[in-house]
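Before any comments, here is the structure.
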DNA sequence: TTATTTTTTGACACCGGTATCATAAAATAA
DNA sequence: TTATTTTATGATACCGGTGTCAAAAAATAA
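Protein chains in written order, with our numbering: chain A, 680 to 1031; chain B, 680 to 1031.
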């Protein structure tokens, strides 16, 4: 019934260690031997037992994906990207949702690592941005890859002496994307552009805000605190944000709202409906992320496309390249992604 | 650094087998011994190594969740529900997205089971409804739990002689829910109610359709094929469905559309906007599932609430109850869930 | 050809638990 | 109290691989 490495060895007429070498693609196995073994593997349909490998080996064949993010689309994309890489490498994925609020989250993560003997971890924001988590992982001596908002400029991480290494990060350049999308609005003639931010604890929030500010500056538009609504990355926050920004019959004269993400934008859209404001005729609204969401609102959202599953796949690549010998070529790993603007129907020329 | 069962045994002054008994809650351990061991476990912060347990034991400490469903909200809920139970029981979860189209999906699932020595599987629709999958699992002799649309009536599964057992299913009574939601519309005075269906391969589609039909019948409304649009469980299908149903300036005189799920309903909403139809004044639209989605449309969707994470948690319970001794009390397991109507703003009295 | 180096292969001890079955201790019966 | 039954505990052989290191084979040098 179940085929073990010994069966394969016998079938191929070699020792089990040789089979082990073959399935692990270790060097110094003669081509001929390799072929014979692979043949046997195929004929018997051998599947190495993960538990045994994990137990015997120094590093296990499983990595973890830790997230604290309520955005289902985002999470699914992350999972799928990492998963596809895992499959490629014959690894298992242990998913671990958690909530930052939880006081024993750290303990929980540590427990998970120990129990499953994880070879590494992929961390998504905002967890990836929390120093105490990083510190814990460093102390544990486990390798990990962080998904981060920002650019890959070492100087920026000025965490002084004990500087957190930045060769294990995948960056999403939210700054550039926000700049681009703001510029898009400016080019449409908008002069009073508001920004409905996401959670302050996400670095992406400040990155996107900076890009927005810089774009305004570069186009000689003045920045105004009152045009920034500090909320969270949620639909509800988008609703509240829009209401707040457009209060008193839009006394600020806002003609465009940049949403911190698609959900915020959708919320703003919703609020606009409540207030009887026509989109995009009276008000332009743009999102961020290009989740399926953005195609299901009315009107469809202009947004910045972020290829989450690709990003997470590269995160996994990076992790594997550090974990085992660099089986996957480091050269193929992209470490900085810049979302690109996707123009749909929620933005249009500024009203007269 | 890492604590093994032997360390605990030494610390507690017992044999490692006794420790094993304690952590597995096996009977016949004296209370006193139990306490001593638990004390040691705590003091050393011992975490049993999953790989070792999987390898040594007859059944492993991991279950799998297999799904082929593009609905992110649904999947996340499923995962979280199962995961919470796994945590409780000290199991790992291996997630496995797959696509029914894939010809070697069966092989893939078999491989996964073998590699990870899974103790069991939770199957979500539509996979849970595919006979060849079930057959394969039966042949493999692996235990599994199916999430199914329907009621727990043995007679219904008339798969003849080799009758598939139905003591390993969790049912969602879509029939009853559809009946209820249709009745809601009827009571609002609607007489021409259309139904935009989901995928034919989902049993939920036929269940919901039956409920809809029965409600019409019980209220002396005639059923009409032309009022049923056969689509898929997607936003786009909702758009197309509504367009098709309301064609020629709504020649059929439809006053309400029942969406097969929330996405379809959202799509129908979208289409209505395109056609300048006011919701709910001119047309009522209802969804199904109560995903976060349904609260983020304009107007918010009347729908049938389905507690996916609770459902999947019970699926996991059921699986565990079959896998190991019934540590969790079977009595606590709910095997049939009936979604309940949630009334929001997308439905209203039928227009004159 | 033989000696030497390098490459390929294999024997065997683990990894950290669980399963089995024998043994010791406690409970009950005589 | 002693014999008998029941219950709690321990000794030890695995589970299916990987890591180490030594032996065998092949390649190269002498």
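All C-beta atoms in this analysis are idealised placements derived from N, C-alpha and C, irrespective of residue type, glycine included.
Is there a C-beta anywhere in chain A that falls below 7 Å from the one on residue 726 of chain B? For this step, residue 726 of chain B is matched to residue 47 along the second chain. For residue 726 of chain B, the answer is yes, since a Cβ of chain A falls inside 7 Å of its Cβ.
By how many angstroms is the C-alpha of residue 855 of chain B removed from the C-alpha of residue 831 of chain B? Stepping through the second chain from its first residue, residue 831 of chain B is reached at position 152. Stepping through the second chain from its first residue, residue 855 of chain B is reached at position 176. Looking at the two C-alpha atoms, the distance is approximately 12 Å.
Since residue 990 of chain B and residue 972 of chain B should fall inside the 8 Å C-beta cutoff, what is the C-beta to C-beta distance between them, to a whole number of angstroms? Taking the second chain and counting its residues from 1, one reaches residue 990 of chain B at position 311. Taking the second chain and counting its residues from 1, one reaches residue 972 of chain B at position 293. Wrong, their Cβ atoms sit about 17 Å apart, outside the cutoff.
Between the alpha carbons of residue 751 of chain A and residue 696 of chain B, how many angstroms are there, rounded? Taking the first residue of the first chain as 1, we reach residue 751 of chain A at position 72. Taking the first residue of the second chain as 1, we reach residue 696 of chain B at position 17. When rounded, the distance between both Cα atoms is 43 Å.
Enumerated in chain order, which unbroken segments of the alpha helix (DSSP H) with a length of 4 residues or greater are wholly contained in the segment 777-856 of chain B? DSSP runs (the alpha helix (DSSP H)) wholly in the segment 777-856 of chain B: 784-795, 810-819.
Can you tell me which residues form a DSSP beta bridge with residue 909 of chain A? One-based indexing of the first chain puts residue 909 of chain A at position 230. When beta bridges are read from the DSSP output, residue 909 of chain A appears opposite A/876.
Compare the C-beta of residue 790 of chain B with all C-beta atoms of chain A and state if any pair is closer than 7 Å. Numbered from 1 along the second chain, position 111 holds the residue referred to as residue 790 of chain B. So yes, residue 790 of chain B belongs to the interface.
Label residue 916 of chain B either buried or exposed according to how many other C-beta atoms from any shown protein chain fall within 10 Å of its C-beta, with 16 as the threshold for buried. Within the second chain, the letter at position 237 stands for residue 916 of chain B. Under this definition residue 916 of chain B is a buried residue.
From this set, B/942, B/945, B/921, which residue's C-alpha is nearest residue 934 of chain B's C-alpha? Residue 934 of chain B sits at position 255 when you count from the first residue of the second chain. Measuring from the Cα of residue 934 of chain B, the nearest candidate turns out to be B/921.
Quick check on the DSSP output: the alpha helix (DSSP H) that includes residue 883 of chain B runs from which residue to which? Within the second chain, numbered from 1, the residue matching residue 883 of chain B stands at position 204. Boundaries of the alpha helix (DSSP H) around residue 883 of chain B: 882-897.
Thinking C-alpha only, which one of B/781, B/757, B/955 is nearest residue 1060 of chain B? Residue 1060 of chain B is absent from the structure shown; chain B starts at 680 and stops at 1031.
Span of the beta strand (DSSP E) around residue 917 of chain B: Indexing the second chain from 1 puts residue 917 of chain B at position 238. Where residue 917 of chain B is concerned, there is no enclosing beta strand (DSSP E), although the alpha helix (DSSP H) it sits in stretches over 914-924.
Own chain residues within Cβ distance below 6 Å of residue 1033 of chain B, not counting five before or after: Residue 1033 of chain B lies beyond the range of chain B shown here (680 to 1031); nothing can be said about it.
Contacts around residue 976 of chain A, its chain only, beta-carbon distance under 6 Å, and the 5 residues preceding and following it disregarded: The count along the first chain starts at 1 and reaches residue 976 of chain A at position 297. So the list reads 945, 948, once near-sequence residues are dropped.
With a threshold of 8 Å on Cβ separation, who are the neighbours of residue 888 of chain B within its own chain once the five nearest residues in sequence on each side are excluded? Residue numbering aside, residue 888 of chain B sits at position 209 when the second chain is read from its first letter. Hits under 8 Å: 857, 874, 876, 907.
Chain B contact residues for residue 739 of chain A, given Cβ-Cβ distances below 9 Å: Taking the first chain and counting its residues from 1, the one referred to as residue 739 of chain A is at position 60. One finds 730 in chain B with Cβ atoms closer than 9 Å to the Cβ of residue 739 of chain A, taken in chain order.
Pull out every residue of the segment 791-805 of chain B whose Cβ sits closer than 8 Å to any Cβ of chain A, in chain order. Taken in chain order, the members of the segment 791-805 of chain B whose beta-carbon sits within less than 8 Å of a beta-carbon on chain A are 793, 794, 795, 796.
Enclosing alpha helix (DSSP H) for residue 697 of chain B [first to last residue]: Within the second chain, residue 697 of chain B is the residue found at index 18, counting from 1. For residue 697 of chain B, the enclosing alpha helix (DSSP H) covers residues 695-702.
Backbone CA spacing between residue 995 of chain A and residue 1025 of chain B [nearest angstrom]: As a first step, residue 995 of chain A must be located in the first chain, where it is residue number 316. As a first step, residue 1025 of chain B must be located in the second chain, where it is residue number 346. Straight-line Cα distance between these residues: approximately 43 Å.
Distance, residue 926 of chain A Cα to residue 985 of chain A Cα: Your numbering for residue 985 of chain A matches position 306 in the first chain. Your numbering for residue 926 of chain A matches position 247 in the first chain. Cα to Cα, residue 985 of chain A sits roughly 31 Å from residue 926 of chain A.
Under 8 Å: do the segment 741-750 of chain A and the segment 793-803 of chain A share three or more Cβ pairs, one atom per stretch? Output reads yes: the segment 793-803 of chain A touches the segment 741-750 of chain A.
Can you list, in chain order, the residues of the segment 770-784 of chain A whose Cβ is nearer than 9 Å to any Cβ on chain B? The residues in question are 771, 772, 773, 774, 775, 776.
Okay, do the segment 789-796 of chain B and the segment 781-792 of chain A touch, 3+ Cβ pairs below 8 Å being the bar? Too few Cβ pairs lie closer than 8 Å, so no.
Unbroken beta strand (DSSP E) run spanning residue 741 of chain A, endpoints: Walking along the first chain from the start, residue 741 of chain A turns up at place 62. Here the beta strand (DSSP E) through residue 741 of chain A covers 741-746.
Alpha-carbon spacing of residue 698 of chain B relative to residue 820 of chain B, whole angstroms: Sequence index remark: in the second chain, residue 698 of chain B carries index 19 (1-based). Sequence index remark: in the second chain, residue 820 of chain B carries index 141 (1-based). Answer to the nearest angstrom: the Cα atoms are 31 Å apart.
Where residue 1005 of chain B falls: helix, strand or coil (DSSP): Here residue 1005 of chain B refers to the residue found at position 326 of the second chain. Note that residue 1005 of chain B scores a pLDDT of 45, beneath 50, so its modelled location is shaky and nothing firm can be said.
By Cβ distance, which residues of its chain are closer than 7 Å to residue 835 of chain B, with the 5 residues on each side in sequence left out? Residue numbering aside, residue 835 of chain B sits at position 156 when the second chain is read from its first letter. Residue placement at residue 835 of chain B is flagged as unreliable, the pLDDT there being 46, under the threshold of 50; the coordinate-derived value follows with that caveat. Sequence-distant Cβ neighbours of residue 835 of chain B in its own chain, meaning closer than 7 Å and more than five residues away, are 829.
From which residue to which residue does the alpha helix (DSSP H) around residue 723 of chain A run? Within the first chain, numbered from 1, the residue matching residue 723 of chain A stands at position 44. From DSSP, the alpha helix (DSSP H) with residue 723 of chain A extends over 710-723.
Are the Cβ atoms of residue 966 of chain B and residue 941 of chain B separated by less than 7 Å? The residue given as residue 966 of chain B occupies position 287 in the second chain. The residue given as residue 941 of chain B occupies position 262 in the second chain. It is a contact, given that the beta carbons lie within the stated cut-off.
Can you name the residues that DSSP bridges to residue 901 of chain B? In the second chain, residue 901 of chain B corresponds to position 222, counting from 1. Residue 901 of chain B pairs with nothing; no bridge assigned.
Residue burial classification, residue 841 of chain B (beta-carbon count within 10 angstroms, cutoff 16): Looking up residue 841 of chain B in the second chain gives position 162. Residue confidence is low: residue 841 of chain B scores 39 on pLDDT, short of 50, so the model does not pin down where it sits. No coordinate-derived value is stated.
Closer than 7 Å by beta-carbon distance: list the chain A residues that pair up with residue 733 of chain B, in chain order. Here residue 733 of chain B corresponds to residue number 54 of the second chain, with the count starting at 1. Chain A residues near residue 733 of chain B: 730.
Suppose contacts are defined by Cβ-Cβ distances below 7 Å. Is residue 849 of chain A in contact with residue 993 of chain A by that definition? Counted from its first residue, the first chain places residue 849 of chain A at position 170. Counted from its first residue, the first chain places residue 993 of chain A at position 314. Contact: yes.
For residue 957 of chain B and residue 959 of chain A, I'd like the C-alpha separation in whole angstroms. On the second chain, position 278 is the one that residue 957 of chain B refers to. On the first chain, position 280 is the one that residue 959 of chain A refers to. Whole-angstrom Cα-Cα distance: 19 Å.
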